[in-house]
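Chains as they are written, first to last, in this note's numbering: chain A, 1 to 481; chain B, 1001 to 1481.
Protein chains: 2
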Amino acid sequence: MEPVSEKIISHIDDVIDRDLERHLGRLRELVRQPSISYTGEGIAECAELVAGYFNDLGCDPVKIYETPGHPVVYGERWVGAPKTLLVYFMYDVMPVKDDPWTVDPFEGLITSEPPYPKVLMGRGATNSKGPMGAFLNAVEAIQDAGETLPVNLIFIAEGEEEMGSKSLYGFVKEHADMLKRADAVFMPMGKQERDGGTLIWPGTKGIVYLTLECDGKTLGRGPRDYNIHSSLKAIADNPAWVMIQALASMTTPDGNRALIKGFYDDVKPPSDKQKELFKAVVDEVSLDAFRNSLHVDNFIGNESKIELMNRFFFQPTLNIDGISAGYTGEGSKTILPYKAIAKIDMRIVPDMDPDDIVSKVRKHLDDHGFEGIQMQANNLNPPCDTDPDAEIIQAAVRALRPFGVNAKVWPRNMGFIPFPIFSGPPLNLEFCVAGLGHGERAHGPDEFFVIEGDGKVKGLREIEKSFVRVLYEYASTVKRI
Amino acid sequence: MEPVSEKIISHIDDVIDRDLERHLGRLRELVRQPSISYTGEGIAECAELVAGYFNDLGCDPVKIYETPGHPVVYGERWVGAPKTLLVYFMYDVMPVKDDPWTVDPFEGLITSEPPYPKVLMGRGATNSKGPMGAFLNAVEAIQDAGETLPVNLIFIAEGEEEMGSKSLYGFVKEHADMLKRADAVFMPMGKQERDGGTLIWPGTKGIVYLTLECDGKTLGRGPRDYNIHSSLKAIADNPAWVMIQALASMTTPDGNRALIKGFYDDVKPPSDKQKELFKAVVDEVSLDAFRNSLHVDNFIGNESKIELMNRFFFQPTLNIDGISAGYTGEGSKTILPYKAIAKIDMRIVPDMDPDDIVSKVRKHLDDHGFEGIQMQANNLNPPCDTDPDAEIIQAAVRALRPFGVNAKVWPRNMGFIPFPIFSGPPLNLEFCVAGLGHGERAHGPDEFFVIEGDGKVKGLREIEKSFVRVLYEYASTVKRI
């Protein structure tokens, strides 16, 4: 392994210092372009914007691939390097209308958010237009410094991450030969905690997301077509009660353990390597920092850190994302609702299988007399684990050290990032999500991404420089056959 | 008891025949004036409209009384008759925005709704601007025929019936001396079923309506201020799960029996008179007609008619009117909601006490570990029973016979009509709700009131004529000391 040339790096860093204001403009431009995958708002325009960036970087070809859902933007920057990195972006963001935003989510506002003197506040700022913009700026800076990229790059930007990456697997299968030229996959994210620490996950939980519906028509009892007067509860069944009873039957009274038969059967105990990572990491975690960041006074059952972290990494969840029926406005509208809707998600761990979990939920409902509740799967994504010693992961760890940041390798990501699409067949590529920087309130109101940090959390300048190093560090490792 | 003069009645009927189109205009005018008590929309304007009608009828005084809520419109038409009837109206209506209306709810549309050649479709058409307009027309017709009213009339129109008549009791107490001059209370309603039958209720169930809220702040666990990412379910409590579990703990799995301790303790068994009325009525009821009218395929547990009717008259209910938390739109927004809201109502029977029921619900929540759920009472209205042999009830029964309609006296109203406000202290007046005519979808979309019937159900012409007869029949009974 040849060491990275600090002279080259230093030259590129100067370019970043010089162009930082212009670079920030790209992040703001991305946030200002709405791209809400649920509604489709701005998706086409955002895909064009991203394709334009790929063109500006000299990619060839650049192509917007249509899919059954939203397009995948593809760009290839081939420089004849021995190694090739596939860079994964998402250009879509979550809806905003149900959240109490105090600022315009699409203004690209630069403001302060103590202790950070400068943040970008808006939908997608941290998840994940900020990091995407920063990575593209880093690539641009290398070239603006007159250097050749140390690795070939294949860019993929998908527009459905927030909807569960529905079309991405089909895209990957269809274009497997093209994508197999990559040696690994990297996703840039601002992954520092408030205390400056950062995490890399060699694996991810999967997700099963279901919509449940209950109405008088499919129940065969209760109002069929519209809400009726609540006095009729005396003789008529209430689909909202049935939904509530069905949901309640799925968990313990605290809502914290699933009572679905066989739900935990396929939970794989952590491997020795995972136990080792877990042990090393648990000591580093601050529950207080977690609580402060999330605005949560107490976690489940006031359990110890080790118990909570065990849940976080190795246990599946059964969450209710939403429920609605009837009237919940001001005052007292007296109705018996004809319909109830609920959304639940399950974060699953190896070796749980999405289809198997769906069957178990269905069986649970049927066994408990809730055959009349309809169920539809919105997302079915498997979990996966990858090798913590993978080159791309180790390159990322090395790339952050010069910034005083010692990345921790955690056993597994607790959300879902579409690792399995790349780490499973047909590509079988190692996958790494990493980066300096920090943001909060992803999926919530007043989402932000730090532009100027507080010393512990790094700002845009260091983030871009760290991405430059990721590429050089990865290039410096020996290509495996 | 002197018989009613058929000559006088016939003369008044001619006036109704002559003026029917103009009379219909009043009903449309009332529907066209929104008066949504929840939002306050159009309330002031509707109160003015009603006061104008009272003035047109020669009432003196006419006054719009302010209350802590919406105004009560008062009018007095004193003709020196030996008996005085207090006529109760409500001028408010339910909201419309959550219902899938296929017509403009405030257009005052005249259309057909088979088998009825002519109906008035709009919010409040049947509940209860149609009947109110018809009654005012009937009074006008008596005077237009050159007759003196057979009884003195005191009109009260409240604007908060759909919110539980919150200010009415205070108004009655404050003006008890003025109102005590009445001998009985009458509320005009279009109460024919599709088969032409009609009902009179000497009593009513009461109602307790509660709003429940659960959030991370009051729970002391789960997200405090905003929705967080659903992967955090691994370590964070979910206020929506807590709400669902709390609600589920209150009923059997079918949602049809309350499990709140002591809920049924004070249910009074039916009296002999009520049993007699019940027996007579049950044979007349058609479950099929009920099912068709309500769009309900099967009633609770496929019970027999006698069981269902027993529930209807004599058993309390625990209904869920609405619930909402998190996201229930398209697709899969992955959040852990910080807050859940639910609305429940309980229809209570003598001798259940509203305050006692609220305490029992609170105790249930606390005993089951749901101390963190907040509870607010929107409505607290007691039930009551009145004498089925009351003069005003018997007068109404006699008044409908000439139209071929044999009114059934049912044991009790299953919704809530503010009987207790008048039948309890300080007024202690007998109360009757009655009238020909038919409407459907009260509180729902495309609410309508029949203007031209199908022979079985009477139209506006006969409705107005029947109200004329109610006044003459009531006048013909001996005034009690």
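C-beta atoms are modelled at their ideal positions from N, C-alpha and C, and glycine is treated no differently.
Euclidean distance between Cα positions of K1097 (chain B) and S1165 (chain B): By 1-based counting over the second sequence, the position of residue 1097 (chain B) is 97. By 1-based counting over the second sequence, the position of residue 1165 (chain B) is 165. Those two C-alpha atoms are separated by around 22 Å.
Chain-ordered residues of the stretch 1311–1327 of chain B with a beta carbon less than 7 Å from chain A: R1311, F1312, Q1315, T1317, N1319, I1320, D1321, G1322, I1323, S1324, A1325, G1326, Y1327
Contact belief for L1294 (chain B) with L247 (chain A) at Cβ below 8 Å, rounded distance in angstroms: Here residue 1294 (chain B) is taken as the residue at index 294 of the second sequence, counted from 1. Here residue 247 (chain A) is taken as the residue at index 247 of the first sequence, counted from 1. About 26 Å separates the two Cβ atoms, so there is no contact after all.
Under 9 Å between C-beta atoms of E1213 (chain B) and K1339 (chain B): The residue you call residue 1213 (chain B) lines up with position 213 of the second sequence. The residue you call residue 1339 (chain B) lines up with position 339 of the second sequence. For E1213 (chain B) and K1339 (chain B), yes; Cβs fall inside 9 Å.
G1170 (chain B) versus B:E1430, B:T1477, B:P1418, residue with shortest Cα-Cα distance: In the second sequence, the residue the question calls residue 1170 (chain B) occupies position 170. Here the closest residue by C-alpha is B:P1418.
P71 (chain A) and A44 (chain A) closer than 9 Å at C-beta: Counted from its first residue, the first sequence places residue 71 (chain A) at position 71. Counted from its first residue, the first sequence places residue 44 (chain A) at position 44. Yes.
Residues of the stretch 1442–1456 of chain B whose Cβ lies closer than 7 Å to any Cβ of chain A, in chain order: A1442, H1443, G1444, P1445
Integer Cβ distance of V970 (chain B) from V1450 (chain B), believed to fall under 8 Å: It is not possible to answer for residue 970 (chain B), since the shown part of chain B is limited to 1001 through 1481.
Nearest-angstrom Cα separation, counted from V93 (chain A) out to G424 (chain A): For the purposes of this step, residue 424 (chain A) is identified with residue 424 of the first sequence, where counting begins at 1. For the purposes of this step, residue 93 (chain A) is identified with residue 93 of the first sequence, where counting begins at 1. So the two alpha carbons sit approximately 25 Å from each other.
Cα-Cα separation between G122 (chain A) and N227 (chain A), rounded to whole angstroms: By 1-based counting over the first sequence, the position of residue 122 (chain A) is 122. By 1-based counting over the first sequence, the position of residue 227 (chain A) is 227. Spanning the two alpha carbons is a distance of roughly 39 Å.
Residues sharing a beta bridge with L212 (chain A), DSSP: Against the first sequence, residue 212 (chain A) aligns to sequence position 212. In the DSSP output, where bridge partners are listed per residue, L212 (chain A) has A:A342, A:M375.
Beta-carbon gap between V1267 (chain B) and V1349 (chain B) smaller than 9 Å: Along the second sequence, read from residue 1 onward, the residue named residue 1267 (chain B) stands at position 267. Along the second sequence, read from residue 1 onward, the residue named residue 1349 (chain B) stands at position 349. Against a cut-off of 9 Å, the Cβ pair of V1349 (chain B) and V1267 (chain B) comes out as a contact.
Exposure of E447 (chain A), with buried meaning 16 or more beta-carbon neighbours within 10 Å: Here the question's residue 447 (chain A) lines up with position 447 in the first sequence. Buried: at least 16 other Cβ atoms inside 10 Å.
Rounded Cβ spacing between G439 (chain A) and G190 (chain A) (contact assumed at less than 8 Å): As a position in the first sequence, residue 439 (chain A) is number 439, starting the count at 1. As a position in the first sequence, residue 190 (chain A) is number 190, starting the count at 1. Yes, they are in contact, since the Cβ atoms of G439 (chain A) and G190 (chain A) sit about 5 Å apart, within 8 Å.
Start-end ranges of the alpha helix (DSSP H) lying completely within the stretch 183–255 of chain A, minimum 4 residues: 216–219, 239–248
Sequence-distant residues of its chain with Cβ nearer than 6 Å to R1405 (chain B) (five each side left out): Your numbering for residue 1405 (chain B) matches position 405 in the second sequence. First, the residue type needs correcting, since residue 1405 (chain B) is Val and not Arg in the sequence shown. Within the same chain, V1405 (chain B) has close Cβ partners T1198.
Residue nearest to T1039 (chain B) in terms of C-alpha spacing, selected from B:P1095, B:G1196, B:R1032, B:I1335: Taking the first residue of the second sequence as position 1, residue 1039 (chain B) is located at position 39. It is B:P1095.
Coarse secondary structure for I260 (chain A), derived from DSSP in three states: Reading the first sequence from its first residue, position 260 is the one you call residue 260 (chain A). Three-state DSSP puts I260 (chain A) in coil, outside helix and strand.
L1210 (chain B) beta carbon less than 9 Å from that of F1263 (chain B): For this step, residue 1263 (chain B) is matched to residue 263 along the second sequence. For this step, residue 1210 (chain B) is matched to residue 210 along the second sequence. No, Cβ-Cβ distance for F1263 (chain B) and L1210 (chain B) is not below 9 Å.
Three-state secondary structure (DSSP) of G1025 (chain B): Locating residue 1025 (chain B) in the second sequence gives position 25, where the first residue counts as 1. Residue state, collapsed to three classes: helix.
Inter-stretch contact (C-beta, 8 Å, three-pair minimum) for the stretch 13–21 of chain A and the stretch 1300–1320 of chain B: no
Own chain residues within Cβ distance below 7 Å of I1061 (chain B), not counting five before or after: If you number the second sequence from 1, residue 1061 (chain B) lands on position 61. According to the sequence shown, residue 1061 (chain B) is Pro rather than Ile. Answer for P1061 (chain B): E1076, listed in chain order.
Whether W1410 (chain B) touches I1207 (chain B) by CB criterion (9 Å): What you label residue 1410 (chain B) is simply residue 410 of the second sequence in a count that begins at 1. What you label residue 1207 (chain B) is simply residue 207 of the second sequence in a count that begins at 1. No.
Span separating the alpha-carbon of I9 (chain A) from that of V468 (chain A): Working through the first sequence from its first residue, we reach residue 9 (chain A) at position 9. Working through the first sequence from its first residue, we reach residue 468 (chain A) at position 468. Using only the alpha carbons, I get a separation of about 8 Å.
K1063 (chain B): first and last residue of the uninterrupted alpha helix (DSSP H) it sits in: Residue 1063 (chain B) sits at position 63 when you count from the first residue of the second sequence. It is not in any alpha helix (DSSP H) - K1063 (chain B) instead sits in the beta strand (DSSP E) that spans 1062–1065.
Where E1330 (chain B) meets chain A, residues with beta-carbon distance less than 7 Å: One-based indexing of the second sequence puts residue 1330 (chain B) at position 330. Those are Y38, listed as they occur along chain A.
C-beta atoms of G322 (chain A) and T1328 (chain B) nearer than 9 Å: By 1-based counting over the first sequence, the position of residue 322 (chain A) is 322. By 1-based counting over the second sequence, the position of residue 1328 (chain B) is 328. Their beta carbons are under 9 Å apart, which means G322 (chain A) touches T1328 (chain B) by this criterion.
Neighbour list for M189 (chain A) in chain B, Cβ cutoff strictly below 7 Å: Here residue 189 (chain A) corresponds to residue number 189 of the first sequence, with the count starting at 1. None at all; the shortest Cβ gap to chain B is about 14 Å.
D272 (chain A) in three-state terms, based on DSSP: As a working mapping, residue 272 (chain A) is identified with position 272 in the first sequence. Three-state DSSP puts D272 (chain A) in a helix.
3 or more residues per run - each beta strand (DSSP E) lying fully within the stretch 1108–1179 of chain B: 1109–1113, 1116–1121, 1152–1158
Contact with chain A by R1480 (chain B), beta-carbon distance below 9 Å: The sequence position of residue 1480 (chain B) within the second sequence is 480, counting from 1. Reliability of the predicted coordinates at R1480 (chain B) is poor, the pLDDT of 46 falling under 50, and the value obtained from them is presented with this limitation in mind. No, no contact with chain A.
Close-in-space but distant-in-sequence residues of the same chain around M1309 (chain B) (CB under 8 Å, 5 per side omitted): As a first step, residue 1309 (chain B) is located in the second sequence; it is residue number 309 there, counting from the start. Excluding sequence neighbours, M1309 (chain B) sits near F1278, V1281, V1282, V1285.
Residue burial classification, I1357 (chain B) (beta-carbon count within 10 angstroms, cutoff 16): Taking the second sequence and counting its residues from 1, the one referred to as residue 1357 (chain B) is at position 357. That one is buried.
C432 (chain A) (DSSP reduced to helix, strand or coil): In the first sequence, residue 432 (chain A) corresponds to position 432, counting from 1. Strand.
Contact set for A325 (chain A): own chain, Cβ-Cβ below 6 Å, skip 5 residues either direction: Looking up residue 325 (chain A) in the first sequence gives position 325. If we look at A325 (chain A) and ignore the five residues flanking it on each side, its Cβ neighbours are A240, P337, A340.
Coil, strand or helix - V409 (chain A) by DSSP: In the first sequence, the residue the question calls residue 409 (chain A) occupies position 409. Looking at V409 (chain A) - three-state DSSP - the assignment turns out to be strand.
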